[in-house]
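Numbering-wise (my numbering), the sequence shown opens with residue 9 and increments by one. For reference, the structure is listed below as structure tokens.
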Amino acid sequence: MESTPFDIPLDDKVLVALERNPHLSTRSLRFETDSGRVTLRGLVGTYFQKQMAQEALRHVEGINEIRNELEVVSL
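Have a look at this one:
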């Protein structure tokens, strides 16, 4: 039986989406998922990276809310 996008856990889909974004380093990023809500936490070097993290998740199936709590700091 072949898996569908609905069979893939949301945590895995979020991780893949963040890792595929060339503007991000996932070393400083953490996230939590709860009933379709994703909360991003951690440190990024620029406001652009903060935006790109959220944008990377915009079209992920199963997400209905993104809370972007990333902090912009000089790394």
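Cβ coordinates follow ideal geometry from the N, Cα and C atoms, glycine included.
Reduced DSSP secondary structure (H/G/I, E/B, other) of residue 66: If DSSP states are grouped into helix, strand and coil, residue 66 belongs with coil.
query: Could you give the distance in angstroms between the alpha-carbon of residue 57 and the alpha-carbon of residue 72?
result: Distance between the alpha carbons of residue 57 and residue 72: 21 Å.
message: Distance check for residue 38 and residue 66, CA to CA, integer angstroms please.
response: Near 17 Å, if we compare the C-alpha coordinates of residue 38 and residue 66.
- prompt: If you compare alpha carbons, which of 52, 20, 78 is closest to residue 31?
  reply: Comparing Cα-Cα distances from residue 31 to each of 52, 20, 78, the minimum goes to 52.
task: Identify which residue in 49, 69, 59 has its Cα closest to the Cα of residue 16.
output: When C-alpha distances from residue 16 are compared across 49, 69, 59, the shortest belongs to 69.
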